[in-house]
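Asker: The numbering of the sequence shown is the UniProt record's numbering, which starts it at 1 and goes up by one.
Below are the structure tokens for one structure; questions will follow.
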Amino acid sequence: MNTAEYPTAPPALTWIKSSYSGTEGGDCVEVAASTDVVHVRDS
Numbered sequence: 001m002n003t004a005e006y007p008t009a010p011p012a013l014t015w016i017k018s019s020y021s022g023t024e025g026g027d028c029v030e031v032a033a034s035t036d037v038v039h040v041r042d043s
């Protein structure tokens, strides 16, 4: 597992919001898959 942080999202990713994310902003988890990596971002 690599926990490197990226200042911006890599290009051409489609982010999918988790159904468990909050509805009032914040508490949001999103994932995006590329050819060899699954990206996760939390806000």
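Cβ atoms here follow ideal geometry from the backbone N, Cα and C, with glycine treated the same way.
A quick note: this is a predicted structure, and the numbers were derived from the prediction, not measured.
Among the residues of its own chain, which have a CB less than 7 Å from the CB of THR14, if the five just before and after it don't count?
Answerer: Counting only Cβ-Cβ distances below 7 Å, and skipping sequence neighbours, we find ALA32.
Asker: DSSP beta-bridge partners for GLU5?
Answerer: Bridge partners of GLU5: none, in fact.
Asker: Determine the DSSP secondary structure at VAL31, reduced to helix, strand or coil.
Answerer: In this structure, VAL31 counts as strand in the three-state DSSP scheme.
Asker: Measuring only the C-alpha atoms, how far is VAL38 from GLU24?
Answerer: Near 26 Å, if we compare the C-alpha coordinates of GLU24 and VAL38.
Asker: Rounded to a whole number of angstroms, what is the C-alpha to C-alpha distance between ALA4 and GLY22?
Answerer: Taking the straight line from one Cα to the other gives about 25 Å.
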